[in-house]
Amino acid sequence: MADMQNKGETMLEVKGVKKSFAGLEVLKGIDLTVKRGEVLAIIGPSGSGKSTLLRCLNKLETVDSGTILVEGKPMVKTGADGKAEYVDSAAEKEVLSHMGMVFQQFNLFPHMTVIENLIEAPVQVQGQKKSEILPYARELLKKVGLSDREDYYPSQLSGGQQQRVAIARALCMKPDIMLFDEPTSALDPELTGEVLKTMRELAAEHMTMVVVTHEMAFAREAASHVIFMADGNIVEENNPGEFFGNPQEERTKAFLKNML
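To convert a position in the sequence shown, counted from 1, into our numbering, add 948.
This is the structure we're talking about:
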């Protein structure tokens, strides 16, 4: 896990990021900074570009132009022609190894048990020995409250349990930054709480997190910073107290009125 000595160090820096799909500009020049130990909550209406932004951070989508630095190392920058230039695959792999991602859909391997899901990437991608990673994987299952489920298959778990396994699986790679793309949106309301509890615990341990969410209570209580996006732009950003207590922009006020 990230050490706390360098709190305040910039973990993620995004400058002027633009992205279009079929001529439609989805991100219109995004700038943001996330420091070590911060929890950034990104909120906004559907189609505002939140998930696209998150997917650009770990290259599930490529940007058209702009700069993304992860722990000071470039993943992409704008070249002389104004177009995005990505680093070579070795450098990219190194940069991406610092980030873990949790999706709306849990994306667990259905043919593998819970514990096999956790150790698969550390063994296959990082070349760790199974015997080395198993104790850590079990520790993470305990952390998410699922020690008694290690030999279960995903189909034998509730959605909330599957999502907590997905969080543990991402943590098993020992990332410095965790990205969450609406991690509770596919869950029944009564299962949402157990996933948010796990995320709140990570926030309390100063895990650096970027969370796209429609859970306003989570953004208000667990985030250190809130960004409101609409139409591919960052409309407003502030600390949660100011953001929810004293929003400045009309778009933000209208959105919060609908959500709260």
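All C-beta atoms, glycine included, are put in the ideal place defined by N, C-alpha and C.
The straight-line gap separating the alpha-carbon atoms of M1147 and A1165 is approximately 13 Å. Counting the other CB atoms within 10 Å of its CB gives K966 a total of 16 or more, which places it among the buried residues. Closest by C-alpha distance to A1167, out of S1103, G995, E986 and K963, is E986. With fewer than 16 other Cβ atoms inside 10 Å of its own Cβ, Q1053 counts as exposed.
Between the stretch 1017-1024 and the stretch 1179-1196, the count of Cβ pairs shorter than 8 Å is below three; the stretches do not touch. Under a 10 Å Cβ-count criterion, N1194 is classified as exposed, with fewer than 16 other Cβ atoms of the shown protein chains found around its own Cβ. Its Cα nearest to that of L972, the residue G995 stands out among G995, A1151, K963 and R984. Assignment of K1007 by DSSP, reduced to helix, strand and coil, places it in the coil class.
In the DSSP secondary-structure assignment, E961 is bridged to T981 and L1017. The secondary-structure analysis by DSSP pairs A1032 across a beta bridge with T1026. Beta-bridge annotation (DSSP): D1179 is not paired with any residue.
When the five nearest sequence neighbours on each side are left out, the beta carbons in the same chain lying within less than 6 Å of the beta carbon of R1117 are those of N1065 and L1066, in order along the chain. The three-state secondary structure of L1044, taken from DSSP, is helix. Here N1006 is buried, its C-beta having at least 16 other C-beta atoms within 10 Å.
Contact check for L1088 against L1119 passes: the beta carbons are separated by less than 8 Å. Looking at the DSSP output, N1186 shares a beta bridge with V1174. If you draw a straight line from the Cα of V1043 to the Cα of G1180, it comes to about 25 Å. Contact fails between the stretch 1138-1157 and the stretch 1067-1084, because fewer than three Cβ pairs, one in each stretch, are under 8 Å apart. With 16 or more other CB atoms across the displayed protein chains lying within 10 angstroms of its CB, M1126 is buried. Comparing alpha-carbon positions, the option among D1129, A1152 and R984 lying closest to S999 turns out to be D1129. If the five residues before and after M1060 are omitted, its C-beta is found closer than 7 Å to the C-beta atoms of E1068, all from its own chain and listed in chain order.
Counting the other CB atoms within 10 Å of its CB gives F1057 a total below 16, which places it among the exposed residues. In this structure G992 is in contact with M1177, their Cβ atoms being roughly 4 Å apart against a cut-off of 8 Å. Residues of the same chain with a CB within less than 8 Å of the CB of K983, apart from the 5 flanking positions on each side, are K955, G956, E957, T958, M959 and T1156 in chain order.
If you draw a straight line from the Cα of K1021 to the Cα of S1103, it comes to about 39 Å. The residue among S1037, S1013, V1174 and K1041 with its C-alpha nearest the C-alpha of A1028 is S1013.
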